[in-house]
Amino acid sequence: MSFYAKYGKRIFDLCLTVPAFILLSPVMGVTAVLVAVKLGRPVLFTQKRPGYREQIFQMYKFRSMTDERDEKGELLPDEMRLTAFGKRLRSSSLDELPELLNILKGDMSLVGPRPLLVRYLPLYNAQQRRRHDVKPGITGLAQINGRNSISWEEKFAYDVQYVEKISWKEDIRILVETVRTVFKKEGINSENSATMEDFTGTPKEEVR
């Protein structure tokens, strides 16, 4: 690993995250109130995710879906629980702001592969598993190259590409491109789902 990847990246994260957290605190406060009014409590969605070297941590986000359930007590599909307010929250990426706490705690980085579900861990092939060789990020190379509109295999390829070429110049470029992507609201949804379809593993014939 380069000096930046091993030591400088954490300094880079703190230098940007501490002032960002202070400046964005009013925005997070207003967002929390709106979530409480529109979707109810709790305002934060917490979920265990795999991080660096597949160590499990608790990730924080503003909730963007209701807790509506069917007659059997099971949660309704995402597209039925994702309200118009929730869609706006996601399209603006305001739901991601609580992840700044994860960066301050050292669980995440500003830039890196997105932390996915724990149940996906057994499904990765050896190449895809390399995405956990760095801390997960709020944004990453896959997020500026299609976000949820590209396939899982394409996402993982971008993740591994990032792992192999970490640099402060690349992190700055990704952050700048992320701002552009958020304002243009690109790649928020996949073609067939309100969010992103579940990852079920890569067929062997597609593994390169």
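Residues in the sequence shown are numbered from 1 upward in steps of one, following the numbering used here. In this text, a Cβ means the ideal position worked out from N, Cα and C, and glycines have one as well.
Nearest to residue i (by Cα), restricted to the options the options
i: residue 17; options: 109, 141, 71; result: 109
i: residue 114; options: 67, 197, 138; result: 138
i: residue 80; options: 107, 38, 47, 67; result: 67
i: residue 181; options: 203, 140, 11, 166; result: 140
i: residue 145; options: 176, 4, 73; result: 176
i: residue 239; options: 7, 156, 143; result: Residue 239 lies beyond the residue range present for the chain, which begins at 1 and ends at 208; the question has no answer from this structure.
i: residue 43; options: 89, 130, 154; result: 89
i: residue 48; options: 136, 39, 33, 160; result: 136
i: residue 8; options: 198, 84, 111, 38; result: 111
8 Å CB neighbourhood of residue i in its chain, flanking five on each side removed
i: residue 104; result: 14, 17, 18, 21
i: residue 207; result: Unreliable positioning characterises residue 207 in this predicted model, as indicated by a pLDDT of 49, which lies under 50. The coordinate reading is nonetheless provided below. Closer than 8 Å at Cβ, skipping near neighbours: 125, 127.
i: residue 121; result: 50, 54
Burial state of residue i, where buried means 16 or more other Cβ atoms lie within 10 Å
i: residue 25; result: exposed
i: residue 118; result: exposed
i: residue 65; result: buried
i: residue 55; result: exposed
i: residue 169; result: exposed
i: residue 171; result: buried
Cβ shell of residue i (< 6 Å), same chain only, five flanking positions each side left out
i: residue 107; result: 51, 57
i: residue 69; result: 75
Own chain residues within Cβ distance below 7 Å of residue i, not counting five before or after
i: residue 96; result: 61, 138
Whole-number beta carbon distance between residue j and residue i, since they are thought to touch under 8 Å
i: residue 94; j: residue 178; result: Not confirmed; about 14 Å, so no contact.
i: residue 35; j: residue 63; result: 6 Å
i: residue 2; j: residue 150; result: No, residue 2 and residue 150 are not in contact; Cβ-Cβ is about 27 Å, not under 8 Å.
i: residue 201; j: residue 116; result: In fact, because the Cβ distance is near 13 Å, the residues do not count as touching under 8 Å.
i: residue 134; j: residue 160; result: Actually they do not touch by this definition, with Cβ atoms about 10 Å apart.
(message) Going residue by residue through the stretch 140-172, where are the continuous alpha helix (DSSP H) segments of at least 4 residues, counting only ones entirely within it?
(response) 152-164
(request) List in chain order: all unbroken alpha helix (DSSP H) runs of 4+ residues lying wholly within the stretch 8-57. (result) 9-38
(message) To test your reading of the DSSP string, which unbroken alpha helix (DSSP H) runs of 4 or more residues are found completely within the stretch 72-101?
(response) 78-81, 84-92
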